[in-house]
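The opening residue of the sequence shown carries number 34 in this note's numbering; numbering runs sequentially from there.
Yeah, the Cβ is synthetic: ideal placement off N, Cα and C, and Gly gets one too.
One structure is given here, and the rest of the page talks about it.
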Amino acid sequence: MKKKAIIFFSIFFILICLFLIIKKFDGYHEKKYTVDIQLDTNQFDLSVVDCIPQKLIDITDFGTVSRLTIRCKNSFDDFSKTKFSKNNKDIEKYLQETEYIDFYNSVVIDLSRKLNLSELSPMDCAKAVLQNINQSTGFIEYDSQLALQISSGITYGYPASEVLKKSKGTCGEFANVFVALMRLNNIPCKYIQGYMITPNGQSIHAWAEFYDENIGWIPVDPQVGMFGVSPYHVKMLEGVDFSKTGADFSSLMFGNAKIINN
Numbered sequence: 034m035k036k037k038a039i040i041f042f043s044i045f046f047i048l049i050c051l052f053l054i055i056k057k058f059d060g061y062h063e064k065k066y067t068v069d070i071q072l073d074t075n076q077f078d079l080s081v082v083d084c085i086p087q088k089l090i091d092i093t094d095f096g097t098v099s100r101l102t103i104r105c106k107n108s109f110d111d112f113s114k115t116k117f118s119k120n121n122k123d124i125e126k127y128l129q130e131t132e133y134i135d136f137y138n139s140v141v142i143d144l145s146r147k148l149n150l151s152e153l154s155p156m157d158c159a160k161a162v163l164q165n166i167n168q169s170t171g172f173i174e175y176d177s178q179l180a181l182q183i184s185s186g187i188t189y190g191y192p193a194s195e196v197l198k199k200s201k202g203t204c205g206e207f208a209n210v211f212v213a214l215m216r217l218n219n220i221p222c223k224y225i226q227g228y229m230i231t232p233n234g235q236s237i238h239a240w241a242e243f244y245d246e247n248i249g250w251i252p253v254d255p256q257v258g259m260f261g262v263s264p265y266h267v268k269m270l271e272g273v274d275f276s277k278t279g280a281d282f283s284s285l286m287f288g289n290a291k292i293i294n295n
């Protein structure tokens with residue numbers, strides 16, 4: 034069972050990233066404001082899964098795997114009406130530099146200066162990064178070999194500085210660059226690990242959340258340049274970087290994902 038689940042995940046991870054490079058999911062344009070999603074997985078944090086604007090509806094355990102039913106909110110099309118978590122416990126750790134969020138590297142600093150990020154508010158800083166570094170700009174080219182290594186649990190990917198030097202990566206590398214630029218400018222930012230479950234497919238995915246003291250933790254998808262996220266983004270884990278989320282792709286079991294109120 035475990036072997037089948039891991040192979041299933043690896044194949045879909047590669048396919049979905051390739052598909053995202055070509056165009057955005059059609060689901061982004063459907064403007065559904067809430068979507069109930071059911072999936073089976075063995076890696077999640079209940080405090081992360083059940084955190085606004087996302088809500089855990091039901092959980093059933095099947096040994097090492099749990100079936101989760103989650104109500105997800107469209108904060109992309111419905112941003113002004115969305116309530117975000119203002120939990121700022123341990124917020125300082127989301128300002129720290131790590132092996133993968135190496136924002137004191139000169140290439141990260143140079144990019145921040147080029148975009149004039151130090152002069153911007155948290156909201157405007159996030160928007161500037163999203164507009165300039167996403168799959169449509171060609172700033173980061175998709176790296177299929179890296180995707181295979183990540184999905185096999187061999188590596189956690191490239192640090193932000195290496196992404197900028199190589200101009201290659203996956204959704205996780207887009208997230209690393211975004212998080213690094215935000216933290217460099219003293220804006221708390223989380224690395225988010227989860228799934229994309231749409232009418233067109235399903236896969237592991239990574240994005241980010243930054244903190245605005247007036248609004249709370251705002252989700253963004255750096256790969257597609259989304260401010261707010263679609264109701265098809267399903268958050269499972271969070272951390273200061275990918276390696277600290279608790280994800281272990283070498284033992285990941287994920288499947289039977291479906292939208293149950295589409």
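Pull the bridge partners of residue i from the DSSP assignment, please.
i	result
Arg-104	Asp-69, Lys-88
Glu-271	Ile-225
Asp-245	Gly-249
Asp-94	Ser-99
Thr-74	Ser-99, Phe-287
Ile-230	Gln-235
Using three-state DSSP, classify residue i as helix, strand or coil.
i	result
Pro-255	coil
Ala-213	helix
Tyr-175	strand
Tyr-191	coil
Asp-157	helix
Gln-235	strand
Glu-130	coil
Gly-261	coil
Ile-166	coil
Ile-220	coil
Gly-202	strand
Thr-115	coil
Gly-279	coil
Val-196	helix
Tyr-61	The pLDDT assigned to Tyr-61 is 46, lower than 50, so where the model puts this residue is not dependable, and the model offers no usable value.
Measuring CB to CB, does residue i end up less than 8 Å from residue j?
i	j	result
Asp-69	Arg-100	no
Lys-198	Glu-174	no
Ile-183	Thr-203	yes
Ile-248	Phe-117	yes
Thr-188	Gln-226	no
Ile-134	Val-273	yes
Asn-167	Pro-192	no
Tyr-33	Glu-271	Residue coverage of the chain in this structure runs from 34 to 295, which leaves residue 33 outside it and unanswerable.
Leu-148	Asn-120	no
Asp-194	Val-267	The residue you asked about is not Asp; residue 194 is Ser in the sequence shown. Cβ distance not < 8 Å, so Ser-194 and Val-267 don't count as in contact.
Met-269	Val-82	yes
Thr-115	Ser-108	yes
Ile-237	Gln-71	no
Lys-106	Pro-232	no
Shortest alpha-carbon distance to residue i belongs to which of the options?
i	options	result
Val-162	Val-273, Ala-241, Lys-119	Ala-241
Tyr-127	Ala-213, Gln-235, Leu-181	Ala-213
Phe-275	Asp-143, His-266, Ile-124, Gly-186	Gly-186
Ile-220	Lys-114, Ser-145, Val-81	Ser-145
Gln-87	Thr-97, Thr-67, Asp-94, Gln-76	Thr-67
Asp-91	Glu-195, Asp-73, Thr-97	Asp-73
Asn-218	Lys-106, His-266, Thr-115, Asp-245	Asp-245
Gln-256	Ser-177, Phe-112, Phe-172, Thr-131	Phe-172
Pro-155	Leu-148, Asp-143, Ser-263, Phe-243	Phe-243
Phe-95	Lys-291, Ile-292, Phe-287, Asn-294	Phe-287
Ile-251	Ile-292, Ile-293, Gly-190, Lys-160	Lys-160
Gly-234	Thr-93, Ala-180, Leu-153, Asn-289	Asn-289
Leu-181	Cys-222, Ser-113, Phe-282, Tyr-265	Phe-282
Glu-206	Ser-108, Ser-284, Asp-176, Pro-232	Asp-176
Asn-75	Leu-285, Arg-216, Ile-293	Leu-285
Ser-113	Thr-170, Ser-169, Val-262, Leu-150	Val-262
Cys-222	Thr-131, Gln-71, Phe-109	Thr-131
Ala-280	Met-215, Asn-138, Ala-239	Ala-239
Return yes when the C-beta of residue i is under 7 Å from any heavy atom of the ligand MG, and no when it is not.
i	result
Phe-243	As far as ligands go, the structure on display features none, and thus does not contain the ligand MG.
Starting from residue i, trace the alpha helix (DSSP H) in both directions and tell me its first and last residue.
i	result
Ile-147	Note that residue 147 corresponds to Lys in the displayed sequence, not to Ile. That run of the alpha helix (DSSP H) goes 139-147.
Val-33	Since the first residue of the chain shown is 34 and the last is 295, residue 33 is not available in this structure.
Got a sec, what are the start and stop residues for the beta strand (DSSP E) residue i sits in?
i	result
Gly-288	287-292
Give a yes or no on whether the minimum CB-CB distance between residue i and chain C is below 8 Å.
i	result
Tyr-175	Given the protein chain composition of this structure (a single chain), no chain C is represented.
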